[in-house]
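Trainee: Here's a structure for you.
Residue numbers (the working numbering): 283 to 442.
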């Protein structure tokens with residue numbers, strides 16, 4: 283029987299997390315040029331407005347994800363939002379709904395903090411991510427937060 287997956291907060295500078303983020307960065311670098319990757323580095327993930335979670339099974343990290351709480355701007359009619367960032371599931375754990383559980387937990391934490399809107403940017407070539415977000419109720423929207431409309435990025439939102 284497969285061990286249960288635990289979703290919990292973790293410091294982004296933890297050595298196991300750094301290893302997972304390096305794997306995510308390598309994956310993104312295989313798809314896009316550096317200027318098209320809009321990632322938060324470890325230092326940015328340590329900011330107080332970031333909520334960073336991991337998925338763990340039997341002591342091993344199998345996924346991660348974060349939200350960054352943002353004040354509203356013109357693209358959200360002044361409404362504050364949470365931006366979904368750094369979603370990743372290790373290849374061996376894919377197909378087990380780990381990403382959905384991470385996303386559900388991140389959204390629940392935003393709601394608990396009174397944030398009613400989630401936004402995200404993902405790459406058009408990340409087909410599994412696009413399917414996850416659309417299945418979870420995210421709807422296409424225009425660019426936000428200064429992201430370029432470069433033809434490589436897709437933008438989504440969800441009312442929480």
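Heads up, the beta-carbon is just placed ideally off N, CA and C, and yes, glycines get one too.
A quick note: this is a predicted structure, and the numbers were derived from the prediction, not measured.
In angstroms with no decimal places, state the Cα-to-Cα distance between residue 338 and residue 415.
Mentor: Numbered from its first residue, the chain shown carries residue 338 at position 56. Numbered from its first residue, the chain shown carries residue 415 at position 133. In a straight line, the C-alpha of residue 338 is about 21 Å away from that of residue 415.
Trainee: Hey, is residue 441 close to the ligand COA, as in C-beta under 7 Å from one of its heavy atoms?
Mentor: As far as ligands go, the structure on display features none, and thus does not contain the ligand COA.
Trainee: Are the beta-carbon atoms of residue 347 and residue 366 separated by less than 8 Å?
Mentor: Counting from 1 along the chain shown, the entry for residue 347 is found at position 65. Counting from 1 along the chain shown, the entry for residue 366 is found at position 84. Going by C-beta atoms, residue 347 is nearer than 8 Å to residue 366.
Trainee: With burial defined as no fewer than 16 other Cβ atoms inside 10 Å of the residue's Cβ, what is the status of residue 283: buried or exposed?
Mentor: Taking the first residue of the chain shown as position 1, residue 283 is located at position 1. Because residue 283 sits at a pLDDT of 46, beneath the cut-off of 50, its placement in the model cannot be relied upon, and the point is left open.
Trainee: My output table needs one value for residue 322: the three-state DSSP class, helix, strand or coil.
Mentor: Taking the first residue of the chain shown as position 1, residue 322 is located at position 40. Three-state DSSP puts residue 322 in coil, outside helix and strand.
Trainee: Determine the extent of the alpha helix (DSSP H) in which residue 425 is found, giving its start and end residues.
Mentor: The sequence position of residue 425 within the chain shown is 143, counting from 1. First-last for residue 425: undefined, no H or E at that position.
Trainee: What are the boundary residues of the beta strand (DSSP E) that residue 291 is part of?
Mentor: Position 9 of the chain shown, counting from 1, holds the residue named residue 291. Segment 287 to 291, the beta strand (DSSP E) holding residue 291.
Trainee: Could you tell me the alpha carbon to alpha carbon distance between residue 335 and residue 375, rounded to whole angstroms?
Mentor: Locating residue 335 in the chain shown gives position 53, where the first residue counts as 1. Locating residue 375 in the chain shown gives position 93, where the first residue counts as 1. The alpha-carbon atoms of residue 335 and residue 375 are separated by roughly 16 Å.
Trainee: Check whether the stretch 421 to 428 touches the stretch 349 to 368, taking contact to mean three or more Cβ pairs, one atom from each stretch, closer than 8 Å.
Mentor: Yes, the stretch 421 to 428 is in contact with the stretch 349 to 368.
Trainee: Apart from the five residues on each side of it in sequence, which residues of its chain come closer than 6 Å, Cβ to Cβ, to residue 391?
Mentor: Along the chain shown, read from residue 1 onward, the residue named residue 391 stands at position 109. Once the five neighbours on either side are set aside, the close Cβ partners of residue 391 are 333.
Trainee: For the beta strand (DSSP E) containing residue 342, name the first residue and the last one.
Mentor: Here residue 342 refers to the residue found at position 60 of the chain shown. 342 to 352 is the extent of the beta strand (DSSP E) around residue 342.
Trainee: From the DSSP output, in three-state form, read off residue 416 for me.
Mentor: Taking the chain shown and counting its residues from 1, one reaches residue 416 at position 134. Reduced to three states, the DSSP call for residue 416 is helix.
Trainee: By alpha-carbon positions, which one of 411, 344, 423 ends up nearest to residue 264?
Mentor: This structure does not reach residue 264, given that the chain is present from 283 up to 442, and the question cannot be answered.
Trainee: Measuring alpha carbon to alpha carbon, tell me which residue in 368, 381, 396, 316 is nearest residue 353.
Mentor: The residue labelled residue 353 in the question sits at position 71 within the chain shown. For the residues 368, 381, 396, 316, the minimum Cα distance to residue 353 belongs to 396.
Trainee: Measuring only the C-alpha atoms, how far is residue 362 from residue 307?
Mentor: Along the chain shown, read from residue 1 onward, the residue named residue 362 stands at position 80. Along the chain shown, read from residue 1 onward, the residue named residue 307 stands at position 25. Looking at the two C-alpha atoms, the distance is approximately 28 Å.
Trainee: Express the C-alpha separation of residue 371 and residue 327 in angstroms, rounding to a whole number.
Mentor: Translated into positions along the chain shown, residue 327 becomes position 45. Translated into positions along the chain shown, residue 371 becomes position 89. Rounded to whole angstroms, residue 327 to residue 371 spans 17 Å at the Cα level.
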